[in-house]
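Residue 30 in full-length UniProt numbering is what sits at position 30 of the sequence shown, and the numbering runs on without skipping anything. Below is one structure, written out as structure tokens; the observations come after it.
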Amino acid sequence: MAGARNNESLALVYEEQPQALAILAPIVSSYNERIRPVLDAMENLRRLNIAKEGIQLPSIVVVGDQSSGKSSVLESLAGISLPRGQGICTRVPLIMRLQNHPLPRPELLLEYHGKIIMTDEENVSHAINGATEELAGHGKGISNNPLTLVVKKNGVPDLTMVDLPGITRVPVHGQPENIYDQIKDIIMEYIKPEESIILNVLSASVDFTTCESIRMSQSVDKTGLRILAVVTKADKSPEGLLEKVTADDVNIGLGYVCVRNRIGDESYEDARIEEERLFDSHRLLSKIDKSIVGIPVLAQKLVQVQAMSISKTLPEIVKKINEKLANNLSE
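Listed below in structure tokens is the structure:
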């Protein structure tokens, strides 16, 4: 770690250590504005590849089996459309930086390989596909080269998440035979550090104990204290869902949030209205506690978990950076 860029990042860390972060209820007011400079500082350090210096940054890492509804959850949080289709849609680690800004029009940009590509809500999915092809090739293979998507938009929660490729065991045409091992290696690299919060996306239609993403998560966090689960497609498989999330057979320490996926061309506003109506009126789903249902609740929970994680880890990060800097200066 050398050069002025490191000192610039350090200055950002020093100036904005979170103190008594005020968690606000509305999704549009995620939490105290003081946290955003800290998130920016974290991203600057991530760009410097500080992990190679043995310094891990706090992250919310999104994992899920293929077709678990992972993209739908992220779309709902960001209010934008992400690449969809058959097979693996996320072929590289996608670092999503959501920033609540009272802008007349949302601002979206992609960062990778030193490039900055401006885009918009209508073209962001196409832009992500183009960047992915540069990073992972034109086929169906994957790559561990990350792509950053910055979304500045009114009403989104201030969050930074890392979306990883969906887990699949059976390679399709054009994928390498060891596609499962490649995906597993990437996932394990991101979820193994104790600083990582693991957001497991689970379909309501499956037995949670058989989910590969749960198995991987438990292999690095047997206590489950770093694991949060979002259960998708609640409207498609309502039977037994209440029992699943209350019995917690898979040890989800940070709890569950059940959501309804956006359907077809629904606007995000209409989707939230329908979601609220579903959990209020459905004969089975209405029995689930309101504190664990809905995209707004998920956003609130992620914001709180992120704040707690940063508060817990930042002093140690600063200490390690100072030690590395002192060692470099003394050499």
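Note that CB positions come from ideal geometry on N, CA and C, so glycine has one too. Predicted model only: the values in this text are computed from it and were never measured.
| task | Measure the alpha-carbon distance for L147 versus R283 and round it to whole angstroms. | result | The sequence position of residue 147 within the sequence shown is 147, counting from 1. The sequence position of residue 283 within the sequence shown is 283, counting from 1. Between L147 and R283, the C-alpha separation is close to 42 Å.
| said: What does the alpha-carbon distance come out to for the pair A204 and I288? | reply: The sequence position of residue 204 within the sequence shown is 204, counting from 1. The sequence position of residue 288 within the sequence shown is 288, counting from 1. The straight-line gap from Cα to Cα measures roughly 13 Å.
| Beta-carbon gap between V63 and I198 smaller than 9 Å | Numbered from its first residue, the sequence shown carries residue 63 at position 63. Numbered from its first residue, the sequence shown carries residue 198 at position 198. Cβ atoms of V63 and I198: closer than 9 Å.
| said: Can you look up L24 in the DSSP assignment and give me helix, strand or coil? | reply: Along the sequence shown, one-based indexing puts residue 24 at 24. Because the pLDDT at L24 is just 36, under 50, the model does not fix this residue reliably, and the value given afterwards should be weighed accordingly. Here L24 sits in coil by DSSP.
| Inside the stretch 54 to 125 only - alpha helix (DSSP H) runs reaching at least 4 residues | For the stretch 54 to 125, whole alpha helix (DSSP H) runs of length 4 or above, ordered along the chain, are 70 to 78.
| field | Buried or exposed by the 16-neighbour rule on C-beta atoms within 10 Å, applied to I116 | value | For the purposes of this step, residue 116 is identified with residue 116 of the sequence shown, where counting begins at 1. Burial call: exposed.
| Which one of P171, Q182, L135 has the shortest CA to CA distance from L94? | Locating residue 94 in the sequence shown gives position 94, counting from the first residue. Ranking P171, Q182, L135 by Cα distance to L94 puts L135 first.
| message | Please classify S72 as buried or exposed, where buried requires at least 16 neighbouring CB atoms within 10 angstroms. | response | By 1-based counting over the sequence shown, the position of residue 72 is 72. Under this definition S72 is a buried residue.
| CA-to-CA distance, G294 to T223, given in whole angstroms | As a first step, residue 223 must be located in the sequence shown, where it is residue number 223. As a first step, residue 294 must be located in the sequence shown, where it is residue number 294. For T223 and G294, the distance between alpha carbons rounds to 26 Å.
| query | Can you tell me whether DSSP reads S196 as helix, strand or coil? | reply | In the sequence shown, counting from the first residue as 1, residue 196 sits at position 196. S196: strand per DSSP, three-state reduction.
| query | Within this structure, are the beta carbons of V250 and A234 separated by less than 9 Å? | reply | Within the sequence shown, the letter at position 250 stands for residue 250. Within the sequence shown, the letter at position 234 stands for residue 234. Contact flag unset, no.
| query | Where does L57 land, buried or exposed, given buried means 16+ other C-beta within 10 angstroms? | reply | Here the question's residue 57 lines up with position 57 in the sequence shown. Buried, because 16 or more other Cβ atoms sit within 10 Å of the Cβ of L57.
| field | Opposing strand residues paired with K153 [DSSP bridges] | value | What you label residue 153 is simply residue 153 of the sequence shown in a count that begins at 1. Per DSSP, N100.
| message | Taking the alpha-carbon of I263 as reference, which of E274, D280, I183 has the nearest alpha-carbon? | response | To locate residue 263, count along the sequence shown from 1; it is residue 263. For I263, the nearest C-alpha among the options comes from E274.
| query | What do you reckon, are the CB atoms on E107 and K152 nearer than 9 Å? | reply | Position 107 of the sequence shown, counting from 1, holds the residue named residue 107. Position 152 of the sequence shown, counting from 1, holds the residue named residue 152. In this structure, K152 lies closer than 9 Å to E107 by Cβ.
| task | Report the three-state DSSP secondary structure of S267 (helix, strand or coil). | result | The residue you call residue 267 lines up with position 267 of the sequence shown. S267: coil per DSSP, three-state reduction.
| Helix, strand or coil for V172 per DSSP? | Here residue 172 corresponds to residue number 172 of the sequence shown, with the count starting at 1. If DSSP states are grouped into helix, strand and coil, V172 belongs with coil.
| message | Looking at the strands, I want to know which residues DSSP matches up with M161. | response | Position 161 of the sequence shown, counted from the first residue, corresponds to residue 161. According to DSSP, which records beta bridges pairwise, M161 is partnered with I60, M96.
| Three CB pairs or more closer than 8 Å across the stretch 241 to 256 and the stretch 206 to 220 | yes
| Which residues in the same chain have their Cβ closer than 6 Å to the Cβ of V150, if we skip the five residues on either side of it in sequence? | Taking the sequence shown and counting its residues from 1, the one referred to as residue 150 is at position 150. Only R97, L109 meet the Cβ criterion.
| task | Determine the direct distance from the alpha carbon of D270 to that of I50, and round the result to whole angstroms. | result | Locating residue 50 in the sequence shown gives position 50, where the first residue counts as 1. Locating residue 270 in the sequence shown gives position 270, where the first residue counts as 1. So the two alpha carbons sit approximately 42 Å from each other.
| So, M188 versus V162, is the Cβ gap smaller than 9 Å? | Here residue 188 is taken as the residue at index 188 of the sequence shown, counted from 1. Here residue 162 is taken as the residue at index 162 of the sequence shown, counted from 1. Their beta carbons are not under 9 Å apart, which means M188 does not touch V162 by this criterion.
| request: Could you work out which residue in N129, I186, A326, I310 is closest to A41 when comparing CA atoms only? | output: The residue given as residue 41 occupies position 41 in the sequence shown. Looking at the Cα atoms, I310 is the closest of the given residues.
| By DSSP, does I292 sit in helix, in strand, or in coil? | Residue mapping note: residue 292 aligns to position 292 of the sequence shown, counting from 1. Helix at I292.
| Are K140 and G174 closer than 9 Å when you measure CB to CB? | On the sequence shown, residue 140 is found 140 positions in, with the first residue counted as 1. On the sequence shown, residue 174 is found 174 positions in, with the first residue counted as 1. Going by C-beta atoms, K140 is nearer than 9 Å to G174.
| Applying the criterion that 16 or more other CB atoms from any shown protein chain within 10 Å of the CB defines a buried residue, is M118 buried or exposed? | Here residue 118 is taken as the residue at index 118 of the sequence shown, counted from 1. Result: exposed.
| message | Do D65 and S213 have their beta-carbon atoms positioned less than 9 Å apart in this structure? | response | Position 213 of the sequence shown, counted from the first residue, corresponds to residue 213. Position 65 of the sequence shown, counted from the first residue, corresponds to residue 65. Cβ atoms of S213 and D65: closer than 9 Å.
| query | Any idea what DSSP makes of S203, helix, strand or coil? | reply | Numbered from 1 along the sequence shown, position 203 holds the residue referred to as residue 203. Three-state result, S203: strand.
| When you compare only the Cα positions, how much space is there between N32 and L314? | For the purposes of this step, residue 32 is taken as residue 32 along the sequence shown, with counting starting at 1. For the purposes of this step, residue 314 is taken as residue 314 along the sequence shown, with counting starting at 1. Residue placement at N32 is flagged as unreliable, the pLDDT there being 48, under the threshold of 50; the coordinate-derived value follows with that caveat. Their Cα atoms are separated by approximately 17 Å.
| request: Ignore the nearest five residues each way along the sequence and tell me which others in N144's own chain have a CB closer than 7 Å to its CB. | output: Taking the first residue of the sequence shown as position 1, residue 144 is located at position 144. Excluding sequence neighbours, N144 sits near P93, I186.
| Distance, E195 Cα to K324 Cα | As a working mapping, residue 324 is identified with position 324 in the sequence shown. As a working mapping, residue 195 is identified with position 195 in the sequence shown. Rounded to the nearest angstrom, the two C-alpha atoms are 19 Å apart.
| query | What is the DSSP secondary structure of I142, reduced to helix, strand or coil? | reply | Residue mapping note: residue 142 aligns to position 142 of the sequence shown, counting from 1. Of the three classes helix, strand and coil, the one that applies to I142 here is coil, per DSSP.
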